[in-house]
Amino acid sequence: MISLTFWLLLFLAASLFAAVVLSPRYLAYLELRNEYLSNQVQLVTLENQVEYLKQIAHSLEHDPEFRSEVARVDFDAVRPGEERIAVDPDLALDLPQWNPRQRIPVTSRAWYVPMLSVLSENHKVRSSLLLTAGVIVLLSFTFLHESQSHQLEHVTRSTKDFVSLFLSRYRISESEADED
Numbered sequence: 045m046i047s048l049t050f051w052l053l054l055f056l057a058a059s060l061f062a063a064v065v066l067s068p069r070y071l072a073y074l075e076l077r078n079e080y081l082s083n084q085v086q087l088v089t090l091e092n093q094v095e096y097l098k099q100i101a102h103s104l105e106h107d108p109e110f111r112s113e114v115a116r117v118d119f120d121a122v123r124p125g126e127e128r129i130a131v132d133p134d135l136a137l138d139l140p141q142w143n144p145r146q147r148i149p150v151t152s153r154a155w156y157v158p159m160l161s162v163l164s165e166n167h168k169v170r171s172s173l174l175l176t177a178g179v180i181v182l183l184s185f186t187f188l189h190e191s192q193s194h195q196l197e198h199v200t201r202s203t204k205d206f207v208s209l210f211l212s213r214y215r216i217s218e219s220e221a222d223e224d
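The opening residue of the sequence shown carries number 45 in the working numbering; numbering runs sequentially from there.
Okay, here's the thing in C-alpha cells:
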C-alpha cells in the first residue's frame, strides 16, 4: 500500500511538472497549427482563383465573342436595339473583392486552450504548481518508503481511532434507540 501511494504521488508530481513545462510549447504548437491550416486554406483559394483567371485569359485570347462581350460590359456599350434596365446598385452583380491579408479561421479553439494560456502566462500559477510538485516529491521520499511502514501504520491507526472516538460521541447506541 505504501509503495502504491508513493508511486501515485510521484506520478502526480511529474504530471504537475509536465503541465507547467509543456503548456507553453503545446500552446505555441496549437497556434502554429492553426496558422498552417489557415495558410493551406488560403493557398487552395488562391490556386482556385489563379485557375479561374487562367481560364479567363485563355478565353480572352481565343474566343472573340467573349472578348467583345467583356469589352461591351467594361465600356458600358449598348448594341443597336438593346434596351437597358436600370438596377439598384445593391442588386447589381459584382465580383467579391479578394483580400490576401484576410485570415480565415480554420479551427475553433479547444476547450483546454484557456487552461493552457493560464499555465503558460500566469507566473503565480506556474510557481504554485512547481512548489506543490516539489513538496509532494519531498514528502513521498521522506515518509513513504518501506522502512517507515510501521510508523505509518501506527499514525494511520491512531488517526482512525481518534476519528471513531470523535464520531462515537454523536452516535446513538442501540439501548438508547430502543428506549426512544
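Virtual Cβ for every residue (Gly too), placed ideally from N, Cα, C.
Use the C-beta contact count for residue i: other C-beta atoms within 10 angstroms, 16 or more gives buried, fewer gives exposed.
i    : result
S67  : buried
L60  : buried
A57  : buried
L87  : exposed
A177 : buried
For the alpha helix (DSSP H) containing residue i, name the first residue and the last one.
i    : result
L71  : 46-106
A177 : 167-187
Using 8 Å as the threshold, is the C-beta distance between residue i and residue j below it?
i    : j    : result
L160 : V64  : no
V169 : L163 : yes
S212 : F50  : no
V94  : L104 : no
Could you tell me which of the options sits nearest to residue i, measuring between CA atoms?
i    : options                : result
L54  : F187, L163, E127, D118 : F187
Y73  : S212, R111, A154       : A154
S47  : V94, R201, H189, E109  : H189
E126 : T200, R116, R77        : R116
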